[in-house]
Amino acid sequence: VTKYMGETDRDRPAHIIGAISVCQGYCALEATKWMLNWQNFRRFYLYIMTENMKNIILKHRHVLLTEEVINRHKLNEREIISAATLPELDDAYTRKLYNFESITDLYSWSSSINYLKNISCPMIFINAKDDPIVPEPLLEPIKNFVSGRPETLYLEVAHGGHLGFYEGGLIYPNPVTWLDRALVALMGSLVFNHNLSLKKTAKAY
């Protein structure tokens with residue numbers, strides 16, 4: 007969402023009044039370094055994500071790995087299958103599919119941190135301090151960015167994990183979480199802010 011809002015070569019609908027980002031790491035290059043260590047079982051989580059991605063590719067190989075696709079992008083199916091981490095899988099498949107020279111180029115293009123300065127509408131960023139996938143050092147750039155932008159809000163909560171925000175019992179969590187309620191309230195605030203701006207503009211005329 008953040009990258010989408012900051013891309014200068016994209017035509018966005020004129021009626022978008024704001025956006026909300028939840029639990030992202032902002033910089034894929036830096037996030038990958040953290041994902042490759044074992045703290046908070048990040049390396050295990052990375053392995054699961056990699057296997058899931060490989061399963062998706064192989065499940066749809068009749069579309070994603072046709073002979074024509076393999077020849078056009080110079081893919082090696084054995085390298086794709088043997089990839090043990092997402093960077094290895096991206097190097098064997100994703101970057102070639104999208105014609106990037108290197109993983110660094112792909113991850114730089116993918117990182118929303120490189121598009122923040124182009125965002126012109128109100129944005130809200132939400133992160134949890136106990137997110138096992140996105141450690142605090144990855145959050146410093148967004149904190150610095152928001153500090154100088156009155157139309158942006160950085161909301162950091164103590165608990166929530168990575169897109170979890172569970173409430174209730176351990177076995178049967180509440181179906182509606184803090185995040186659900188917060189998003190509704192925050193979207194309402196964006197609408198209120200937009201309507202207020204329209205009224206001010208109308209009065210100015």
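The opening residue of the sequence shown carries number 7 in this note's numbering; numbering runs sequentially from there. Using N, Cα and C, we set each Cβ at its ideal position, and we do this for glycine too.
Check, Outcome
"Assuming N133 contacts T14 under a Cβ cut-off of 8 angstroms, what Cβ separation, rounded to an integer in Å, is found between them?", "The Cβ separation is near 25 angstroms, so there is no contact."
"Apply the 10 Å Cβ neighbour rule to G12 and answer buried if 16 or more other Cβ atoms are within range, or exposed otherwise.", "buried"
"Give the straight-line distance between the Cα atoms of L202 and L196, rounded to the nearest whole angstrom.", "10 angstroms"
"Inspect the beta-carbon positions of M59 and L112 and report whether they are closer than 7 angstroms.", "no"
"Please state whether DSSP places N133 in a helix, a strand or coil.", "strand"
"In three-state terms, what does DSSP make of L159?", "strand"
"On a Cα-Cα basis, can you pick out the residue from W115, K205 and P128 that is closest to I22?", "P128"
"Helix, strand or coil: which one does DSSP assign to G24?", "coil"
"With a 10 Å radius around its C-beta and 16 neighbouring C-beta atoms as the bar for buried, classify E19 as buried or exposed.", "Strictly speaking, residue 19 in this sequence is Pro, with Glu absent from that position. It counts as exposed."
"Which same chain residues, not among the five before or five after I139, have their C-beta less than 6 angstroms away from its C-beta?", "H168"
"Cβ atoms of Y172 and P179: under 7 angstroms apart, would you say?", "yes"
"Flag this pair as yes or no: are the beta carbons of Y32 and I119 separated by less than 7 angstroms?", "yes"
"From which residue to which residue does the alpha helix (DSSP H) around L185 run?", "W184 to A210"
"So, using beta-carbon positions, are A34 and S108 closer together than 7 angstroms?", "no"
"From L161 to Q30, what distance separates their C-alpha atoms?", "12 angstroms"
"Kindly indicate the opening and closing residues of the alpha helix (DSSP H) around P213.", "Look at the range of the chain in this structure, 7 to 211, and you will see that residue 213 is not part of it."
"Which residue from H68, P141 and N61 puts its Cα closest to that of N43?", "P141"
"Return the chain-ordered list of same chain residues with a C-beta closer than 7 angstroms to the C-beta of I148, the five sequence neighbours on each side being excluded.", "Y32, F131 and Y160"
"Who are G174's beta bridge partners in DSSP?", "P179"
"State the start and end residues of the unbroken alpha helix (DSSP H) segment that holds F50.", "R48 to K65"
"To the nearest angstrom, how far is the alpha carbon of N199 from that of G166?", "27 angstroms"
"Let me know the secondary structure DSSP gives E94 once reduced to three states.", "helix"
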